[in-house]
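When the letters of the sequence shown are read in order and numbered with the working numbering, they come out as residues 3 to 236.
Heads up, the thing below is written out as structure tokens.
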Amino acid sequence: MRPIIGVTMSLQSGIPGQSDYFALYRPYVAAVEQAGGVPVGLPAQPEAAADLLGRLDGLLLSGGGDIAPDLYGQEPHPKTRLVDRKRDRFELALVREWVKAGRPLLAICRGIQVLNVALGGTLIQDIPDQVSELVVHQVSEGEARHPVRLRPGSLLAALLGGEELEVNSYHHQAVQVLAPGLAVVAWAADGVIEAVERPGAPFVVGVQWHPERMLESDGRHLPLFRGLVEAAKG
Ligand code: MN
Numbered sequence: 003m004r005p006i007i008g009v010t011m012s013l014q015s016g017i018p019g020q021s022d023y024f025a026l027y028r029p030y031v032a033a034v035e036q037a038g039g040v041p042v043g044l045p046a047q048p049e050a051a052a053d054l055l056g057r058l059d060g061l062l063l064s065g066g067g068d069i070a071p072d073l074y075g076q077e078p079h080p081k082t083r084l085v086d087r088k089r090d091r092f093e094l095a096l097v098r099e100w101v102k103a104g105r106p107l108l109a110i111c112r113g114i115q116v117l118n119v120a121l122g123g124t125l126i127q128d129i130p131d132q133v134s135e136l137v138v139h140q141v142s143e144g145e146a147r148h149p150v151r152l153r154p155g156s157l158l159a160a161l162l163g164g165e166e167l168e169v170n171s172y173h174h175q176a177v178q179v180l181a182p183g184l185a186v187v188a189w190a191a192d193g194v195i196e197a198v199e200r201p202g203a204p205f206v207v208g209v210q211w212h213p214e215r216m217l218e219s220d221g222r223h224l225p226l227f228r229g230l231v232e233a234a235k236g
């Protein structure tokens, strides 16, 4: 039996002449399949987090809009975009259930931010405004790329191999104050946190980049998904 991996979806709303719908980019689905898991899409349903815990083997938090800043005690920055409070409540509840139960989860882009906020951390709300524009983390067209430095001895470094990795970059926010229980395991050259993990947990990993979009050109990112699926078998 292959493990069932829940993948969170995003709500597409406000499209003229069309009903709202939940969406999931195909590369997330393809990455879980390629790693040997069975992906199932999870629309936001905050009251169902505990029900899902007992029925899924692993969790993948996908990318999306910004988390409502009041959820980590801040006023919204003018560039706050695409807030979906129902999705926030759902994913924060999922992370808390998952971490409490010691179950495997992989958190991508918005996901690493959800992971950090769920466990008590805060976010840089706009990197160009609050850190620097020296490293381009986001470009308006297409995708930026930059190297990240991996922490030697981390689970992430063991999975990906080596001390440095080229990643894509499509985010204007990042981890600010790290949540208790998490460790930083990758940085960009400007100091922006690019990955975290939970030492001692079987598999709790968050990355700020989009490994699912890099698989076709760079198989070095597949072990992230394999790591999740293997941990979900346990
Ligand atoms: Mn970046």
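The beta-carbon is built from N, C-alpha and C at its ideal position, and this holds for glycine as well.
Note that the coordinates shown come from a computational prediction; the quantities given were computed from them, not determined experimentally.
So does residue i have its beta carbon nearer than 7 Å to some heavy atom of the ligand MN?
i           : result
residue 134 : no
residue 64  : no
residue 223 : no
residue 173 : yes
residue 159 : no
residue 148 : yes
residue 190 : yes
residue 177 : no
residue 194 : yes
residue 139 : yes
Within the present structure, is the beta-carbon of residue i separated from the nearest heavy atom of the ligand SAH by less than 7 Å?
i           : result
residue 211 : In the structure shown, the ligand SAH is absent; the only ligands present are the ligand MN.
Applying the criterion that 16 or more other CB atoms from any shown protein chain within 10 Å of the CB defines a buried residue, is residue i buried or exposed?
i           : result
residue 16  : exposed
residue 62  : buried
residue 23  : exposed
residue 64  : buried
residue 95  : buried
residue 87  : exposed
residue 163 : exposed
residue 243 : This structure cannot settle anything about residue 243, because the visible part of the chain is limited to 3 through 236.
residue 112 : buried
Under 8 Å between the Cβ atoms of residue i and residue j?
i           : j           : result
residue 186 : residue 159 : no
residue 110 : residue 201 : no
residue 118 : residue 184 : yes
residue 169 : residue 211 : yes
Only counting the same chain, and skipping five residues up and downstream in sequence, which positions put a Cβ closer than 7 Å to that of residue i?
i           : result
residue 182 : 121 and 122
Which residues in the same chain as residue i place their Cβ atom closer than 6 Å to its Cβ, once the five residues preceding and following it in sequence are excluded?
i           : result
residue 108 : 62, 207 and 230
Once you ignore the five residues that flank residue i on each side, which residues in its own chain have a CB closer than 8 Å to its CB?
i           : result
residue 235 : 5 and 59
residue 154 : 165
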